[in-house]
Amino acid sequence: MLQLFSTDWQIQPTRCRPIGQADSVEIEPFVRSHDKIVHRAVLRQQGISAYRVRRAIESKDVFRVGRHRVAVNGCNPQLLRAVQLGGQLTCVSAALYRELWTKDDGRLHVAVSPAFSGQSADGETPTPLLHWGRGLAPTHVTDTIVSVINMLSHIALCQPPELAVAIFDSALNKGVIARQELIQLSRAAGGRMQRVVDLCTAGADSGIETLIRVRLGWRGIAMRIQVSIDGHPADGLIGEWLVIQADGYGPHSGSPQRSKDLKQDARLLLQGYTVLRFSYAQILYEWEYVEEEILAAMAQRLHLRPRR
Numbered sequence: 208m209l210q211l212f213s214t215d216w217q218i219q220p221t222r223c224r225p226i227g228q229a230d231s232v233e234i235e236p237f238v239r240s241h242d243k244i245v246h247r248a249v250l251r252q253q254g255i256s257a258y259r260v261r262r263a264i265e266s267k268d269v270f271r272v273g274r275h276r277v278a279v280n281g282c283n284p285q286l287l288r289a290v291q292l293g294g295q296l297t298c299v300s301a302a303l304y305r306e307l308w309t310k311d312d313g314r315l316h317v318a319v320s321p322a323f324s325g326q327s328a329d330g331e332t333p334t335p336l337l338h339w340g341r342g343l344a345p346t347h348v349t350d351t352i353v354s355v356i357n358m359l360s361h362i363a364l365c366q367p368p369e370l371a372v373a374i375f376d377s378a379l380n381k382g383v384i385a386r387q388e389l390i391q392l393s394r395a396a397g398g399r400m401q402r403v404v405d406l407c408t409a410g411a412d413s414g415i416e417t418l419i420r421v422r423l424g425w426r427g428i429a430m431r432i433q434v435s436i437d438g439h440p441a442d443g444l445i446g447e448w449l450v451i452q453a454d455g456y457g458p459h460s461g462s463p464q465r466s467k468d469l470k471q472d473a474r475l476l477l478q479g480y481t482v483l484r485f486s487y488a489q490i491l492y493e494w495e496y497v498e499e500e501i502l503a504a505m506a507q508r509l510h511l512r513p514r515r
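In case it helps, the working numbering puts the sequence shown at residues 208 to 515.
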């Protein structure tokens, strides 16, 4: 039997509604507007009776998900699977769902309670990764995805430090969480959470820029990000003359953005800057090459003087 999170927070009884008010809430549009999957208790709170839910299932407006939820076609497959396993979407899976920058590891990350004894994932490939425990913020049995706070706390514990920082930077950049709130949370959590937050900045335009900044920082090399040169932003600047550009949009070499980037590189070269541009794949999978190129340029003091 599927067992969801322990119900430390009891679902409150539904309030009485005036006659006719409940009928104004249509089930299918309501479910579609709430991540396309809803706990039946939430429907009850909207005044939707069990009878109306059964009728909606029979007419195929919605379909059952386990004992406690209904969903509509088009529901995110990872969100649906997390609920089927008896948990909530979290970590990088939740970051992807919230459209934050992340490196997808191909696994489903599911938050489950310490008392979890839900559906087995034996034989499933790749095996879902279960995150035990509640996280920093309280959870509720009706949730299908963890809060932003719990998502970030799981990321800090699960992911390599530089990837965690990149996702945190993306959350700051998109306004998903405020920096001051993140600082306060890190002080409360301590440990890896605090170490990740200490390396964060809201200025990064993409996670790729963050990866370069953090990895170089570990070598004692300071790279400023999104520096304005001649009225145009450069992804990174080491010293005063070494510009680092990162193709953060993937292998679309024929895109208008690519042409714009190359024009900017040419303009910088004519002004005496040394420009090193690296692809998304190089930064993610060929870091040794990227690092060697940057170190070679610095060995020639190209970060300290203009090109001649």
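No residue lacks a Cβ here, since even glycine has one placed at the ideal position from N, Cα and C.
Please read all numbers here as calculations on a predicted model, not as lab measurements.
Find out if the Cβ-Cβ distance for the pair residue i, residue j is shorter than 9 angstroms.
i           : j           : result
residue 255 : residue 232 : yes
residue 399 : residue 368 : yes
residue 355 : residue 305 : yes
residue 315 : residue 335 : yes
residue 361 : residue 297 : yes
residue 428 : residue 412 : no
residue 389 : residue 404 : yes
residue 343 : residue 392 : yes
residue 493 : residue 422 : no
How many Å lie between residue i and residue j at the Cα?
i           : j           : result
residue 370 : residue 437 : 31 angstroms
residue 251 : residue 358 : 28 angstroms
residue 474 : residue 414 : 25 angstroms
residue 426 : residue 420 : 10 angstroms
residue 259 : residue 452 : 57 angstroms
residue 278 : residue 239 : 8 angstroms
residue 272 : residue 287 : 8 angstroms
residue 282 : residue 307 : 19 angstroms
residue 235 : residue 300 : 25 angstroms
residue 319 : residue 293 : 7 angstroms
residue 223 : residue 313 : With a pLDDT of 44 at residue 223, under the threshold of 50, the modelled position of this residue cannot be trusted, and the question is left open.
residue 244 : residue 321 : 24 angstroms
residue 397 : residue 352 : 24 angstroms
residue 302 : residue 333 : 19 angstroms
The alpha helix (DSSP H) with residue i in it runs from where to where?
i           : result
residue 481 : No alpha helix (DSSP H) contains residue 481, which is instead part of the beta strand (DSSP E) from 481–485.
residue 469 : 463–477
Could you tell me which residues DSSP pairs with residue i in its beta bridges?
i           : result
residue 296 : 317 and 352
residue 435 : 440
residue 270 : 278
residue 430 : 445
residue 453 : 485
In terms of residues, what are the limits of the beta strand (DSSP E) holding residue i?
i           : result
residue 253 : That residue, residue 253, is in no beta strand (DSSP E); it is neither H nor E in DSSP.
residue 244 : 244–246
residue 339 : 336–339
Relative to the C-alpha of residue i, which candidate in the options has its C-alpha closest?
i           : options               : result
residue 479 : 485, 466, 468 and 448 : 448
residue 487 : 309, 248 and 299      : 309
residue 511 : 444, 494 and 489      : 444
residue 246 : 317, 360 and 270      : 270
residue 409 : 463, 381 and 472      : 381
residue 377 : 402, 434, 387 and 407 : 407
residue 505 : 345, 467, 430 and 351 : 430
Taking only heavy atoms of the ligand COA into account, decide whether any of them is closer than 8 angstroms to the Cβ of residue i.
i           : result
residue 398 : Looking for the ligand COA in the displayed structure turns up nothing, as the structure carries no ligands at all.
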